[in-house]
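Residue numbers for the sequence shown follow UniProt numbering, so the first one is 1 and each next one is one higher. C-beta: ideal position from N, C-alpha, C; glycine also. Predicted model only: the values in this text are computed from it and were never measured.
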Amino acid sequence: MKELFRSNDPVRISAALSLLEAEGIVPFQMDQHMSVLEGSIGILPRRVMVADRDLFMARALLRDAGLDD
């Protein structure tokens, strides 16, 4: 698995996950439960991961949708 991006923005993460799933790419969100350890203040970014073979297409989809950094 490769890291596609990391963000503290739950709206961006949700939009990216929906977009990737709609295109048949299975994303995996890491660190989503770390907020329990940090006190739910949102300082630790969540990572969105995809399979190695899907990385190029996933980056292109996010870029086309304006969700890249």
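{"Asked": "In the structure shown, what three-state DSSP assignment does Leu44 receive?", "Found": "coil"}
{"Asked": "Give the straight-line distance between the Cα atoms of Ile13 and Leu19, rounded to the nearest whole angstrom.", "Found": "10 Å"}
{"Asked": "For the beta strand (DSSP E) containing Glu21, name the first residue and the last one.", "Found": "Glu21 -> not in any beta strand (DSSP E); alpha helix (DSSP H) instead, spanning Pro10 to Ala22."}
{"Asked": "Is it true that the CB of Val50 sits closer than 8 Å to the CB of Leu17?", "Found": "no"}
{"Asked": "For Val50, list the residues DSSP reports as bridge partners.", "Found": "Lys2"}
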